[in-house]
Each structure stands twice: as structure tokens, then as C-alpha cells.
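Quick note on the numbering used here: the sequence shown kicks off at 5 and runs consecutively.
We treat Cβ as the ideally placed atom computed from N, Cα and C, and that holds for glycine.
It should be emphasised that the depicted structure is a prediction, and the values quoted were computed from it without experimental measurement.
Below is one structure, written out as C-alpha cells, with a few remarks after it.
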Amino acid sequence: MSKNRPSFEKKELALSGSPYFYLPVEFPVYTIEVSHREEIDGDLLQSALDRTIQRMPYLSDTLAIDHGAVYYAKDPLPMEAAHAPQLRAVGGSETNYHMLDLTWDGNKTWFSMFHGFCDGQGINAFLESVLYHYYCLKDGVEYDHAGIRTNQTRMTEAETFEPCSKMYEVSPDFKMPERREQAAPYHLPEIVRNPDGDVREHGFHLPSDALMRFVKENNTSPSVMIAMLVGEAVERVHPDADAPIQANIPVSIRRMLGCEETFKNCSSRVMLPVSGTPLDALPFAQRATQLRGVLKQQMNPDLFRFVYNRMGVMYRERMEKAADYREEISKPAAFMGTVHDTYYVDYIGSLHKTDYADRILDVRFLCKPAASNTLHLNIIEHNGQFCITCLACSDIASLADALEQAMKEHGLPVQRTPEQRFALPMTAWREGIC
């Protein structure tokens, strides 16, 4: 990549990471913070990391730039579980050019990634494997590994499949829906662009059984329900909102593309019109059911296969025709201008249930809100509770207060966590290139 960076043996084109590769600036790391009941044993953690990489060697790969194209590449340098009080800049010399990182201090472990290398499912596989091996080593027990990639199973080619590398079969009668003109969604006035500011986090914990019971009573899904509750919070704080309130919900489309096992980026998004439609006139429960239907209507496999067919061709063409990487990143980046609507609801799902789950006190997903000017929610279920965090780079205390009140008024036994702030280092995968 540059005279300051070793040469690495190229593998396949990293097509699915294209939106992140050609940004005009480096991208902040994406991190999962895990709090444990006991202090971390660094030697055991390193052994657990070694076993994980032995099982999934592709997680220790790096990225290489050849002219304007980006490739996965073999990285023979050691991958280290670093004892450090703060996060490291993933992808550069500090992490031996690896795109994933494991850092620990006290009773906390941090798993970080560059989002162009993999997505949330990829880093979850990394995290769950390391934790599995760590607690097996620590306790001298071979725990049940159901659903977790461990050294008791073999790697398959499906785990490294590139979603943008093939053309998908689309039903002959499928037609791409026409984009309808619609009013711009409501933008929260308290969310202001602050690219250099710390991220402010307001967290909530809900017992899984209580939330799921509420979800089932209203015949909907967790992501829809949480989006509706946030919508109620917005309406409480901004009763004079003059535009529709709309949630943006990212979704993994692995099953639709037949690549359930890949660690690489494989996602899209759907829009949920929380307000501003005829559904507003319905009672809460009926609206929850109808909004779930709206979500399902957008989950047409043909639609996503059609989109990925176009994206794959576009990404490959850009990489194969580009001659100079620095010239490529000087071009306008559409990803920077992506509109994330009123708020962004990332329902990450559940970690696998394990016999050592109660040894883990908390799991936090730390990321920079898109372009730093949107309200971002992360939702994860672990050990019998949902953890919901609201993230922004500006003051959102009034929205968090309103969300807490909305949940309580619906009878949900929510527990609020203290406001926290954090800063994320930029990735360094282009170290020395520009």
C-alpha cells in the first residue's frame, strides 16, 4: 500500500466493503465492549485468541491496495490481545495491520473492527469464539459450543464467501418498484453535526421475557416495537413535528442470498414509517401489527438479489478500472450523504446462550452515528435482557427521558443506566497511503 506498510499476499477482491474503502476520510472503528465479573487473565485471553484464529484464519487477514483496487490479503504477523486502557487504531502498525483487534484492561475486553473488512455478524463470530475458548480454558471445562465457531468444528468455504462476487437468480416476472415521491422525514433538531465530539450514550435494560411478551401481545417484532417506542418519544419532545417520523432499520440479507455463513459485509436496510401515514389513526396494537407487515413487504428476496446484482457489477467495475487509489478517494462519496432519516435502529439480535453467560455483566456496541448527525440505536439481547442504547454526538437527554417514560407507561420494567461518553479512534488501514 505504501513504503511504510509491508507487502501482503493478495487474495480476492474485497467487493462488499466498497462503500467504506472509498470514503474521503478514515472511518471510526466499530467496537463491542464486554464487561466480565472477574478481571481478565491476559495469558488465557491470548490463548483463546490463538485458538479462534486457528479455527478462522481469515479473521487475521488484512487489506491490500493495488492501484485502485482493494483486496483481502494474508497477514502473517502475530495477532495480539493487547493490555491497554484505551482502544487501538485498527488496521495499521499498532495492530500489526490486522482489521480486527482484541484489547483488554481490568474486567473489560474490547473487540474492534474496520467495517470494510466485515460486518456485525463477522465480529460477533470473532467475539463469541474468543469468549468460548477463554472460559473453557479458565474453567477447565469444555462448554457446549452450539452455534459458535470453535476449534471443535472445521472451517468451510462458505464462511469467506464474497456476497458481491456472483449474480443471483431473480424471478422472471420481478420488476423493481418505482421510487415514489414522498415528504422528507423529520430531522431531530437536537441532533447537530459534531464530527469531532464524543459520542453520548443513554442506555436501557429490559428483561427479555417482559419485552418479548409485550411484542407478542401486539403481534409485531422487537425492531418494530422499539422503533415505535422511540417514535412516541420523538412525538413527546416534538409535538409540533412537521414531517413524517421514519426509522431506518438495517437487516442482514444472508438468507436471501444463500450465504448465511459469510463473515463479510452482507446487509441492506428497510424504512419504517412510524408516523405520517393512514396507519396513525389505528390503535397502538393494530398499528404495531400493520407496521410489521410494512416491514415484511420490503423483505422481498428478489428485490435484494436484484440490488446485489447491480452492486456487484458496479463495485467490480470501479475496482478493475481504477488506476490510482488516491484519485479514487478524491471523488464524491455517496455513502457520506446517506440519509438515515429520523433515527437508525440497529437490532443486532441475540448472542448465543451459554453456560458462562452470567459471568458477563454487560455488552455494549460502540459506534459513531452515521455522519455524526443522526440518532442511532443499538439493541442486543444477552443473558435474559435486552440492552438498548441511544447514541448521538449532541445532547439527547430529553429524548432519552421521553423514551424511558414511554416504556414505563406501556408497563415495561425498564432500568436506565447512567449517561456515558466515549471516543473512538479512526481506523488506520490506509496508513501511509494518503
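Bridge-paired residues (DSSP) for residue i
{"i": "GLN389", "result": "PRO211, HIS386"}
{"i": "ASN252", "result": "MET275, TYR348"}
{"i": "HIS380", "result": "TYR348, LEU395"}
{"i": "GLN419", "result": "HIS209"}
{"i": "ILE437", "result": "Answer is none; ILE437 lacks a bridge partner."}
{"i": "LYS325", "result": "Per DSSP, none; premise fails for LYS325."}
{"i": "SER116", "result": "THR35, ASP105"}
{"i": "PHE165", "result": "Partner(s): none; PHE165 has no beta bridge."}
{"i": "GLU13", "result": "LYS78"}
{"i": "SER225", "result": "For SER225, which the question treats as bridged, DSSP gives no partner whatsoever."}
{"i": "HIS87", "result": "TRP108"}
{"i": "ILE127", "result": "None, per the DSSP bridge assignment."}
{"i": "PHE308", "result": "Its beta-bridge partners do not exist; DSSP assigns none."}
{"i": "GLN156", "result": "None; GLN156 has no bridge partner."}
{"i": "GLY353", "result": "ILE384"}
{"i": "MET180", "result": "The partner list for MET180 (beta bridge, DSSP) is empty, contrary to what the question assumes."}
Inter-residue spacing [alpha-carbon to alpha-carbon] between residue i and residue j
{"i": "ALA162", "j": "ARG153", "result": "13 Å"}
{"i": "MET180", "j": "GLN302", "result": "12 Å"}
{"i": "GLN389", "j": "PRO193", "result": "31 Å"}
{"i": "LEU233", "j": "ALA404", "result": "11 Å"}
{"i": "GLU423", "j": "THR393", "result": "10 Å"}
{"i": "ASN382", "j": "ASP350", "result": "5 Å"}
{"i": "PHE310", "j": "LYS170", "result": "12 Å"}
{"i": "GLU173", "j": "MET315", "result": "14 Å"}
{"i": "LYS268", "j": "GLY297", "result": "29 Å"}
{"i": "GLU385", "j": "CYS391", "result": "6 Å"}
{"i": "MET4", "j": "GLY96", "result": "This structure gives no information on residue 4, because the portion of the chain shown stretches from 5 to 438."}
{"i": "LYS142", "j": "ASN111", "result": "14 Å"}
{"i": "LEU91", "j": "GLU30", "result": "16 Å"}
{"i": "GLN409", "j": "MET229", "result": "15 Å"}
{"i": "PHE121", "j": "TYR62", "result": "10 Å"}
{"i": "ALA88", "j": "GLN50", "result": "14 Å"}
{"i": "TYR329", "j": "LEU27", "result": "11 Å"}
{"i": "THR358", "j": "ALA285", "result": "44 Å"}
{"i": "MET411", "j": "ASN8", "result": "52 Å"}
{"i": "ARG197", "j": "PRO373", "result": "10 Å"}
{"i": "SER116", "j": "GLU132", "result": "13 Å"}
{"i": "PRO282", "j": "ALA289", "result": "15 Å"}
{"i": "LEU370", "j": "ILE36", "result": "6 Å"}
{"i": "ASP54", "j": "LEU106", "result": "11 Å"}
{"i": "PRO305", "j": "ILE257", "result": "8 Å"}
{"i": "LEU379", "j": "ALA292", "result": "21 Å"}
{"i": "GLU435", "j": "GLY151", "result": "36 Å"}
{"i": "GLU265", "j": "LYS335", "result": "33 Å"}
{"i": "ALA231", "j": "LYS220", "result": "15 Å"}
Exposed unless 16 or more other CB atoms sit within 10 angstroms - verdict on residue i
{"i": "VAL38", "result": "buried"}
{"i": "ILE400", "result": "buried"}
{"i": "VAL134", "result": "buried"}
{"i": "ARG1", "result": "One cannot answer for residue 1 here, as it falls past the ends of the chain, which runs 5 to 438."}
{"i": "ILE437", "result": "exposed"}
{"i": "LEU365", "result": "exposed"}
{"i": "ASN252", "result": "buried"}
{"i": "THR157", "result": "exposed"}
{"i": "SER279", "result": "buried"}
{"i": "PRO176", "result": "exposed"}
{"i": "HIS40", "result": "buried"}
{"i": "GLU332", "result": "buried"}
{"i": "VAL145", "result": "exposed"}
{"i": "ASP202", "result": "exposed"}
{"i": "ASN223", "result": "exposed"}
{"i": "GLU236", "result": "buried"}
{"i": "ALA475", "result": "Because the chain in this structure spans residues 5 to 438, residue 475 falls outside the shown range and cannot be described."}
{"i": "ARG368", "result": "buried"}
{"i": "ASP200", "result": "exposed"}
Contact under 8 Å by Cβ, residue i with residue j
{"i": "ALA85", "j": "TRP108", "result": "yes"}
{"i": "TYR101", "j": "THR66", "result": "yes"}
{"i": "ARG425", "j": "GLU205", "result": "yes"}
{"i": "LEU261", "j": "TYR190", "result": "no"}
{"i": "ALA427", "j": "VAL94", "result": "no"}
{"i": "LEU307", "j": "LEU276", "result": "no"}
{"i": "ILE69", "j": "ALA396", "result": "no"}
{"i": "TYR34", "j": "HIS119", "result": "yes"}
{"i": "TYR139", "j": "ARG363", "result": "yes"}
{"i": "ALA327", "j": "HIS71", "result": "yes"}
{"i": "THR160", "j": "ILE249", "result": "no"}
{"i": "SER271", "j": "PRO254", "result": "yes"}
{"i": "CYS168", "j": "LEU407", "result": "no"}
{"i": "PRO23", "j": "MET430", "result": "no"}
Interface flag, residue i vs chain C, CB-CB below 8 Å
{"i": "LYS357", "result": "Annotation note: the requested chain C is absent from the structure, which comprises a single protein chain."}
Meets three-Cβ-pair contact criterion under 8 Å: the region 207–217 and the region 415–430: In this structure the region 207–217 lies against the region 415–430, because at least three pairs of beta carbons, one per stretch, are closer than 8 Å.
Sufficient close CB pairs (3 or more, under 8 Å) joining the region 123–142 to the region 76–84: In short, these stretches do not touch, since the Cβ pair count stays below three.
Touching by the beta-carbon criterion (3+ pairs, under 8 Å), the region 344–354 and the region 42–49: No: the two stretches stay apart, fewer than three of their Cβ pairs being nearer than 8 Å.
Contact the region 182–189 vs the region 318–327: 3+ CB pairs below 8 Å: Counting Cβ pairs under 8 Å, fewer than three are found: no touch.
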